[in-house]
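Visitor:
Residue numbers (the working numbering), protein chains in the order written: chain D, 5 to 163; chain F, 565 to 767.
#1: With H, G and I counted as helix, E and B as strand and the rest as coil, what does DSSP make of residue 150 of chain D?
#2: Out of D/73, D/95, D/29, D/114, state which residue places its alpha-carbon closest to the alpha-carbon of residue 60 of chain D.
#3: Can you tell which of F/629, F/571, F/675 has its C-alpha closest to the C-alpha of residue 712 of chain F?
#4: Ordered along the chain, which non-local residues of its own chain (more than five positions away) have a Cβ less than 6 Å from that of residue 47 of chain D?
#5: What residues from chain D crowd round residue 747 of chain F, counting only those whose CB sits closer than 9 Å?
#6: Within a Cβ cutoff of 6 Å, which residues of the same chain sit near residue 589 of chain F, ignoring the five residues on either side of it in sequence?
#7: Just tell me which of F/596, F/663, F/726 has its CA closest to the CA of residue 739 of chain F.
#8: How big is the Cα-Cα spacing for residue 18 of chain D and residue 51 of chain D?
#9: Cβ of residue 578 of chain F less than 8 Å from any chain D Cβ?
#10: Using Cβ-Cβ distances below 9 Å, what residues of the stretch 620-644 of chain F are close to chain D?
#11: Determine the DSSP secondary structure at residue 766 of chain F, reduced to helix, strand or coil.
#12: Of all the CB atoms in chain D, is at least one closer than 8 Å to the CB of residue 706 of chain F?
#13: For residue 68 of chain D, which residues in chain F fall below 7 Å Cβ to Cβ?
#14: Using a Cβ-Cβ cut-off of 8 Å (strictly less than) and excluding sequence neighbours within five positions of residue 67 of chain D, which residues of its own chain qualify?
#15: Would you decide whether residue 73 of chain D is buried or exposed? Buried here means 16 or more other CB atoms lie within 10 Å of its CB.
#16: Can you find a CB in chain D that lies within less than 8 Å of the CB of residue 690 of chain F?
#17: Using 8 Å as the threshold, is the C-beta distance between residue 157 of chain D and residue 569 of chain F below it?
#18: Could you compute how far the alpha carbon of residue 107 of chain D sits from the alpha carbon of residue 10 of chain D?
#19: Kindly indicate which residue of D/44, D/160, D/135, D/63 has the alpha-carbon position closest to the one of residue 93 of chain D.
#20: DSSP on residue 543 of chain F, reduced to helix/strand/coil?
#21: Mapping the DSSP letters down to three states, classify residue 65 of chain D as helix, strand or coil.
#22: Leaving out the 5 sequence neighbours to the left and right, which residues in its chain are closer than 8 Å to residue 678 of chain F when beta-carbon positions are compared?
#23: Which of the three DSSP states is assigned to residue 54 of chain D in this structure?
#24: Using 8 Å as the threshold, is the C-beta distance between residue 701 of chain F and residue 734 of chain F below it?
#25: Classify residue 159 of chain D as helix, strand or coil using the three-state DSSP reduction.
#26: Can you round the beta-carbon distance between residue 703 of chain F and residue 730 of chain F to whole angstroms, since I take them to be within the 8 Å contact cut?
#27: List the residues of chain D whose Cβ lies closer than 7 Å to the Cβ of residue 665 of chain F, in chain order.
#28: List the residues that DSSP assigns as beta-bridge partners of residue 680 of chain F.
#29: State buried or exposed for residue 566 of chain F, treating a residue as buried only when at least 16 other CB atoms are found within 10 Å of its CB.
#30: Using the beta-carbon count (16 or more within 10 Å), is residue 649 of chain F buried or exposed?
#31: When burial is assigned at 16 or more other CB atoms within 10 Å of the CB, is residue 638 of chain F buried or exposed?
#32: Measure the alpha-carbon distance for residue 38 of chain D versus residue 709 of chain F and round it to whole angstroms.
#33: Counting only C-beta atoms, is residue 699 of chain F closer than 8 Å to chain D at any point?
#34: Tell me the DSSP secondary structure of residue 101 of chain D in three-state form.
#35: Quick one: give me the first and last residue of the beta strand (DSSP E) that residue 27 of chain D is part of.
#36: Could you have a look at residue 655 of chain F and say whether DSSP puts it in helix, strand or coil?
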């Protein structure tokens, strides 16, 4: 599993722009891009009204659990999971091998509308991630010019 | 695999607590959550557990810390469910993992479960096409306060007897002893790994 490539300004701009367009067209409330391992990559819209980090971890777990369940049933492709609520609904969509898109939208908005506009966002984000992977396939963080803090522990116990 | 965002100057690392059921993995996370100093920003501790408080899917604790100057370092701490029946769930939680703290139960009667869980870890990594030898991990021998705790040397022989021995720690997680020591060591190993690999020029 190659993992998510290192992201630069251009990548984040494309992801943000794809999410902004999706929110504007679909009238969804918030959109997140997350890694399938759980970390949050970027967020747009009213994502400050909930704990996006926790939602990202839970969505990654929910998607991977549903994917595994589908495989046990003989289905090898899971592209979306949808949770219908009374006030807000949630669509989690597969972007590529590494990323998921989460869209939070009003319950009275049709999921078909959100899926329709999400498809365009997914295509743009997926293409950009392919470009990022080609740019530096093996690169991790270039910390040569940075200094790690001294050897003292990162996590300190409260006294 | 570490997530690196040069645009936002963020590094995200995922650490998974692995080990047999009732060995103290969730207690580790609770202690980190309860005792973390004010310097770091911690999120909510999320536990997906059964009604009897056994981990069903995972526990999750996000923490932001300043580990590298100029870079926001986000740590995501996860536990796996220890019970044998939840193996599929363990595989899911391991996805995208950067480092592991293996929490072994020091009681003599738990040695078979420790060994089985460690073997299970290796098997699950293989299923993800990962090799334990290439992944930073540390051993934490927990419950050292119990009267039936086996000698550390015996646990090292059983669980940490590979070509390269990894750092090991004794702990009493319920009293927060040895918890931060293990976490800081795996953190240091992960940062070193990323710095060393980061020094390579991309092809």
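Virtual Cβ for every residue (Gly too), placed ideally from N, Cα, C.
Everything numeric in this text was worked out from a predicted model, so none of it was measured.
Guide: Here's the rundown:
#1: In this predicted model, residue 150 of chain D has a pLDDT of only 49, less than 50, meaning its place in the structure is not dependable; the value taken from the coordinates is given anyway. If DSSP states are grouped into helix, strand and coil, residue 150 of chain D belongs with coil.
#2: Answer by Cα proximity: D/95.
#3: Out of F/629, F/571, F/675, F/675 has the C-alpha closest to the C-alpha of residue 712 of chain F.
#4: Non-local beta-carbon contacts of residue 47 of chain D in its own chain, meaning distances under 6 Å to residues more than five positions away in sequence, involve 36, 56 in chain order.
#5: Think of a sphere of 9 Å around the beta carbon of residue 747 of chain F: the chain D residues whose beta carbon falls inside it are 157, 158, 159, in chain order.
#6: Cβ neighbours of residue 589 of chain F beyond the five flanking positions: 581, 583, 643, 667.
#7: Taking each of F/596, F/663, F/726 in turn and checking the Cα distance to residue 739 of chain F, the smallest one comes out for F/596.
#8: Cα-Cα distance, rounded: 18 Å.
#9: Cβ-Cβ to chain D under 8 Å: yes for residue 578 of chain F.
#10: Shown in chain order are the members of the stretch 620-644 of chain F whose Cβ falls below 9 Å from a Cβ of chain D: 621, 622, 624, 626, 627, 629, 630, 631, 632, 633, 634, 635, 637, 638, 639, 640, 642.
#11: Residue placement at residue 766 of chain F is poorly supported in this model, since its pLDDT is 39, which falls under 50; the coordinates still yield a value, given next. Here residue 766 of chain F carries a coil assignment [DSSP, helix/strand/coil].
#12: No, its Cβ sits nowhere closer than 8 Å to a Cβ of chain D.
#13: Within chain F, 656, 659 have C-beta atoms less than 7 Å from the C-beta of residue 68 of chain D, given in sequence order.
#14: Cβ within range, chain order: 40, 82, 85, 96, 98, 104.
#15: Exposed, since its Cβ has fewer than 16 Cβ neighbours within 10 Å.
#16: Taking CB atoms only, residue 690 of chain F has no neighbour in chain D less than 8 Å away.
#17: Between residue 157 of chain D and residue 569 of chain F, the C-beta gap is not smaller than 8 Å, which leaves the two residues out of contact.
#18: Taking the straight line from one Cα to the other gives about 24 Å.
#19: Among D/44, D/160, D/135, D/63, the Cα nearest to that of residue 93 of chain D belongs to D/63.
#20: It is not possible to answer for residue 543 of chain F, since the shown part of chain F is limited to 565 through 767.
#21: Residue 65 of chain D: helix per DSSP, three-state reduction.
#22: Closer than 8 Å at Cβ, skipping near neighbours: 583, 584, 587, 668, 669, 719, 722, 723.
#23: Residue state, collapsed to three classes: coil.
#24: For residue 701 of chain F and residue 734 of chain F, no; Cβs fall outside 8 Å.
#25: In the structure shown, the three-state DSSP call for residue 159 of chain D is coil.
#26: Going by Cβ atoms, the distance from residue 703 of chain F to residue 730 of chain F rounds to 6 Å, so yes, they are a contact pair.
#27: Residues of chain D whose Cβ lies closer than 7 Å to the Cβ of residue 665 of chain F do not exist, since the nearest Cβ in that chain is about 12 Å away.
#28: Answer is none; residue 680 of chain F lacks a bridge partner.
#29: Under this definition residue 566 of chain F is a buried residue.
#30: Around the CB of residue 649 of chain F, fewer than 16 other CB atoms lie within 10 Å, so the residue is classed as exposed.
#31: Residue 638 of chain F comes out buried.
#32: Rounded to the nearest angstrom, the two C-alpha atoms are 41 Å apart.
#33: No Cβ of chain D is located within less than 8 Å of the beta carbon of residue 699 of chain F.
#34: Reduced to three states, the DSSP call for residue 101 of chain D is coil.
#35: Taken as a continuous stretch (DSSP letters only), residue 27 of chain D belongs to no beta strand (DSSP E), being part of the alpha helix (DSSP H) at 13-30.
#36: Reduced to three states, the DSSP call for residue 655 of chain F is helix.
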